[in-house]
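If you use our numbering, the sequence shown closes out at 254, no skipped numbers anywhere.
Idealized CB from N, CA, C, for every residue including glycine.
As the structure is a computational prediction, the values presented were derived from the model and not from experiment.
Please read the structure below before turning to the comments.
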Amino acid sequence: DIFTTPQKIKRVIEKIIFQNLFFENSSKNVQSIILVLLNSKFEVIYDSSSLNTKINKASADNSKGNANTNDKKPPPITYNKTEICFNIRMPVEDDITLKVYKVPKLMIMQSQRKEIFRISFNMLFCNNYGVAFPKWDIDGPHKDINNEKFPSKMCVCVEMEPTSGRKKPIGRLKINDVQD
């Protein structure tokens, strides 16, 4: 039959890393960010606002993506001077939409969160270790031509477990094509 549906592509997202999301990462800025993942039916499959957890400031060693020699589960959210990392380790398939919200300083109601950007992609376009989106490929920040709201080096990296399975500790994606 020529009209068969292709088999769904299943992967595991290890981390979602926001590089240079703000001009300066502070605990206040990091705590104001909410990450939401939606599947191809636009059902919420991950919502960081439901994590009742403390956000950890990463040490210089951990922020470089060095592999831990022990298998301790990393904290759900870590940050350093230039990165915010959501350690989610979640199976996904086919189309994924990643939405990022900012919560106002005075969070009276959760309905007041404001979407600051979104990214939609299909697992078919991810290489063995994931995919990276520079500022100009992200819905929302791409309009900020004068770099008033988002730094020019802003990037979102989605790190994935290799398709062959997790044999070695995952390395960091290299972003060589993100330019000023």
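Of the residues assessed, Glu157 falls on the buried side of the cut-off, its CB having 16 or more other CB atoms within 10 angstroms. Separation of Asp121 and Lys223 (C-alpha to C-alpha, rounded to the nearest whole angstrom) is 24 Å. In the DSSP annotation of this structure, the continuous segment of the beta strand (DSSP E) that includes Gln93 starts and ends at 84 to 93.
Inside the region 174 to 210, DSSP marks whole beta strand (DSSP E) runs of 3 or more residues at positions 188 to 196, 204 to 208, from first to last along the chain.
Straight through space, the alpha carbons of Ile76 and Phe160 are spaced by roughly 41 Å. Annotation: Leu109 to Thr237 spans about 24 Å, alpha carbon to alpha carbon. Going by DSSP, Thr152 is part of the beta strand (DSSP E) stretching over 151 to 153.
Here Pro165 is exposed, its C-beta having fewer than 16 other C-beta atoms within 10 Å. When C-alpha distances from Asn221 are compared across Arg85, Leu95, Tyr153, Asn201, the shortest belongs to Leu95.
For Pro165, the enclosing beta strand (DSSP E) starts and ends at 157 to 167.
Under a 10 Å Cβ-count criterion, Phe199 is classified as exposed, with fewer than 16 other Cβ atoms of the shown protein chains found around its own Cβ.
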